[in-house]
Amino acid sequence: MPDHFIDLRSDTVTQPSVKMRAAMAHAEVGDDVYGEDPSVNRLEERAAEIFGKQAALFVPTGTMGNCIAIKLHTRHGEEVVCEARSHVLDWELSMMAWFCGCLARALPGADGILAWNSIEPVLRPKAPHNAPTSLVCLENTHNMAGGTVYPLHVIDEICREAHERGIPVHMDGARIFNASVATGAPVARIARDADSVMFCLSKGLGAPVGSMLLGPHDAIAEGRLYRKRLGGGMRQAGVLAAAGLIALEESPERLHLDHENARFLAARLSEMPGLQIDPATVQTNILIFDISPLGISTQQFSLELKSRGVLANGVGPTLMRLVTHLDVTRAHCERAADVLAEVASRFSLRASAV
Ligand code: TLP
Numbered sequence: 004m005p006d007h008f009i010d011l012r013s014d015t016v017t018q019p020s021v022k023m024r025a026a027m028a029h030a031e032v033g034d035d036v037y038g039e040d041p042s043v044n045r046l047e048e049r050a051a052e053i054f055g056k057q058a059a060l061f062v063p064t065g066t067m068g069n070c071i072a073i074k075l076h077t078r079h080g081e082e083v084v085c086e087a088r089s090h091v092l093d094w095e096l097s098m099m100a101w102f103c104g105c106l107a108r109a110l111p112g113a114d115g116i117l118a119w120n121s122i123e124p125v126l127r128p129k130a131p132h133n134a135p136t137s138l139v140c141l142e143n144t145h146n147m148a149g150g151t152v153y154p155l156h157v158i159d160e161i162c163r164e165a166h167e168r169g170i171p172v173h174m175d176g177a178r179i180f181n182a183s184v185a186t187g188a189p190v191a192r193i194a195r196d197a198d199s200v201m202f203c204l205s206k207g208l209g210a211p212v213g214s215m216l217l218g219p220h221d222a223i224a225e226g227r228l229y230r231k232r233l234g235g236g237m238r239q240a241g242v243l244a245a246a247g248l249i250a251l252e253e254s255p256e257r258l259h260l261d262h263e264n265a266r267f268l269a270a271r272l273s274e275m276p277g278l279q280i281d282p283a284t285v286q287t288n289i290l291i292f293d294i295s296p297l298g299i300s301t302q303q304f305s306l307e308l309k310s311r312g313v314l315a316n317g318v319g320p321t322l323m324r325l326v327t328h329l330d331v332t333r334a335h336c337e338r339a340a341d342v343l344a345e346v347a348s349r350f351s352l353r354a355s356a357v
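Using the numbering used here, the letters of the sequence shown map in sequence onto residues 4 to 357.
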């Protein structure tokens, strides 16, 4: 996208920093399929250390990381409990079914957050008519619920109760560092009891490519084979890992700025005619708001914003999403808010005239 656009479509759109590009240019590399890429090995060791897990696997995307995790924990024909708007269900081209052969048991969670008392009744034992539940997936932060964060005691209870029944828990922690900033708890504490956790280097942390899957040695060794099967054996991937290491070490400490910018935008949006959002629900870097009172589609709303230099996507017929990230400053947010106000006023006037 040309420079003059303020891009709030996702935190995936960030550009690698000058420091990342320099590290990529000078990265020590080897063939990672042979386990010989020193930069990838360093990134995997460092991620495992930060998360307090035995091992880590560098994967090209969060989608691949989640898919490998689900495959590791399940067998064909089994059930996976997940939230009804979760990324593993809605945004990963049904890899849970297509590759893992599993059925999603989708549960609506208030603000995207599941609780043990809603999970327990849908668990299915192995029985003549039942495919057993073999995994619980938690998404933290929850993207489509607006970047919401799991309280620690909720994760702890879900993991404890699931484990008592022999069911593992996978955490889709694509934005777990945002959850860490919001709760003040280290990522190792948040994911402490999860059997596997995936996080993305290429979202708020700002790396150009890559995600990590973490868990026990044996599972990650097997995960390496699934990564290869899925075409994710990336050879001299150290050029990517070098940027990932910088993202991992340096970016978490600036994420609070993205959260402050999201709260600023939410406060402004809540005062605009025809836009519905409760600013108190914005906990991290994602805002979701309803434009139904304007009487236009989210596609049209996006086009109106785009023609004024702001990029934002619809995530449903009446829901829009804004995501703050490291390439969006407070000044950008102020400009974007002015543009949103102009479009909202114009169409709410038109809606009230009809
Ligand atoms: N999310 C993307 C889109 O796919 C919707 C975005 O713009 O937010 N888990 C969660 C919670 C995610 O939000 C995403 C990406 C992924 C997994 C997958 O990561 P990638 O895009 O690397 O496959």
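All C-beta atoms in this analysis are idealised placements derived from N, C-alpha and C, irrespective of residue type, glycine included.
Does at least one heavy atom of the ligand TLP sit under 6 Å from the Cβ of residue 143?
No, Cβ of residue 143 sits at least 6 Å from all heavy atoms of the ligand TLP.
Taking its Cβ as the centre, do 16 or more other Cβ atoms sit within 10 Å of residue 228, making it buried, or is it exposed?
An exposed status is given to residue 228, since fewer than 16 other beta-carbon atoms sit within 10 Å of its beta-carbon.
Can you list, in chain order, the residues of its chain with a C-beta nearer than 6 Å to that of residue 254? Leave out the 5 residues immediately preceding and following it.
If we look at residue 254 and ignore the five residues flanking it on each side, its Cβ neighbours are 208 and 209.
So the candidates are 118, 266 and 327; which of them puts its Cα closest to the Cα of residue 286?
The residue with the shortest Cα to Cα distance from residue 286 is 266.
Under 6 Å from any heavy atom of the ligand TLP, does the C-beta of residue 264 make it?
False, no ligand heavy atom lies under 6 Å from that Cβ.
Among 91, 113, 118 and 219, whose alpha-carbon lies nearest the alpha-carbon of residue 107?
When only C-alpha atoms are compared, the closest one is 91.
Using only the heavy atoms of the ligand TLP, determine whether one of them is closer than 6 Å to the beta carbon of residue 177.
Yes, the Cβ of residue 177 comes within 6 Å of a heavy atom of the ligand TLP.
Please specify which runs of the beta strand (DSSP E), each continuous and at least 3 residues long, are wholly inside the stretch 163-229, giving them in chain order.
172-175, 199-203 and 214-218, all fully within the stretch 163-229.
Simplified DSSP assignment, three categories, for residue 15
DSSP, read as helix, strand or coil, puts residue 15 in helix.
Do residue 218 and residue 204 have their CB atoms nearer than 7 Å?
No; because the gap between Cβ atoms is not below 7 Å, this pair is not in contact.
Please find out if some non-hydrogen atom of the ligand TLP comes closer than 6 Å to the beta-carbon of residue 13.
Answer for residue 13: yes, Cβ within range of the ligand TLP.
At what residue ranges does the stretch 84-141 contain a whole run of the beta strand (DSSP E), taking only runs of 3 or more?
If we require 3 residues or more, the beta strand (DSSP E) runs fully inside the stretch 84-141 come out as 106-110.
Counting pairs of Cβ atoms below 8 Å between the stretch 132-144 and the stretch 74-87, do you hit three or more?
Because the criterion of three Cβ pairs below 8 Å is met, the stretch 132-144 and the stretch 74-87 touch.
Using a Cβ-Cβ cut-off of 8 Å (strictly less than) and excluding sequence neighbours within five positions of residue 67, which residues of its own chain qualify?
These residues qualify, in order along the chain: 214, 230, 233 and 235.
Contact belief for residue 243 with residue 9 at Cβ below 8 Å, rounded distance in angstroms
Residue 9 and residue 243 do not touch by the CB rule: their CB atoms are close to 27 Å apart, not below 8 Å.
Would you report the Cα separation of residue 16 and residue 206, rounded to the nearest angstrom?
Cα to Cα, residue 16 sits roughly 8 Å from residue 206.
Where are the beta strand (DSSP E) runs, 3 residues long or more, that stay fully inside the stretch 49-82, in chain order?
If only uninterrupted beta strand (DSSP E) runs of at least 3 residues are considered, those enclosed by the stretch 49-82 are 58-62.
Checking the sheet assignment: what are the DSSP bridge partners for residue 323?
Looking at the DSSP output, residue 323 sits in a beta bridge with 292 and 317.
According to DSSP, what are the bridge partners of residue 279?
BP columns for residue 279 point to 293.
From the DSSP output, which residues share a beta bridge with residue 151?
Per DSSP, 145.
Among 123, 77, 51 and 45, which has the Cα closest to the Cα of residue 102?
Nearest option by C-alpha distance: 77.
With 16 as the cutoff for other CB atoms within 10 Å, does residue 7 come out buried or exposed?
Classification of residue 7: exposed, given that the 10 Å Cβ count is below 16.
Residues that DSSP places opposite residue 10 in a beta bridge
Residue 10 pairs with 314.
Could you spell out the range, first to last residue, of the alpha helix (DSSP H) harbouring residue 341?
First-last of the alpha helix (DSSP H) with residue 341: 333-356.
Given this structure, state the Cα-to-Cα distance separating residue 104 from residue 295, to the nearest angstrom.
Separation of residue 104 and residue 295 (C-alpha to C-alpha, rounded to the nearest whole angstrom) is 37 Å.
Hey, is residue 1 close to the ligand TLP, as in C-beta under 6 Å from one of its heavy atoms?
The question about residue 1 has no answer, for the chain in this structure spans 4 to 357.
May I have the straight-line CA-CA distance separating residue 70 from residue 124, to the nearest angstrom?
Rounded to the nearest angstrom, the two C-alpha atoms are 25 Å apart.
Put residue 261 into one of helix, strand or coil per three-state DSSP.
In this structure, residue 261 counts as helix in the three-state DSSP scheme.
In chain order, what residues of the same chain have a beta carbon less than 6 Å from the beta carbon of residue 126, not counting five sequence neighbours either side?
Exclusion of the five residues before and after residue 126 leaves 136 as the residues of its chain whose Cβ lies within less than 6 Å of its Cβ.
At which residues does the alpha helix (DSSP H) containing residue 237 begin and terminate?
Where residue 237 is concerned, there is no enclosing alpha helix (DSSP H), given that its DSSP letter is neither H nor E.
Would you mind reading off the limits of the alpha helix (DSSP H) that contains residue 256?
No alpha helix (DSSP H) contains residue 256, which DSSP labels as neither H nor E.
Below 7 Å CB to CB, which residues in the same chain sit around residue 64 once its five sequence neighbours on both sides are set aside?
Hits under 7 Å: 214.
In whole angstroms, give me the CA-to-CA distance for residue 216 and residue 115.
Spanning the two alpha carbons is a distance of roughly 22 Å.
I want to check one thing, is the minimum distance from the CB of residue 301 to the heavy atoms of the ligand TLP below 6 Å?
Residue 301: no, Cβ never under 6 Å from the ligand TLP.
Measure the alpha-carbon distance for residue 220 versus residue 43 and round it to whole angstroms.
The alpha-carbon of residue 220 is positioned some 16 Å away from that of residue 43.
Report back the beta-carbon spacing between residue 185 and residue 262 to the nearest angstrom; my notes put them in contact at under 8 Å.
The Cβ separation is near 7 Å, so the contact holds.
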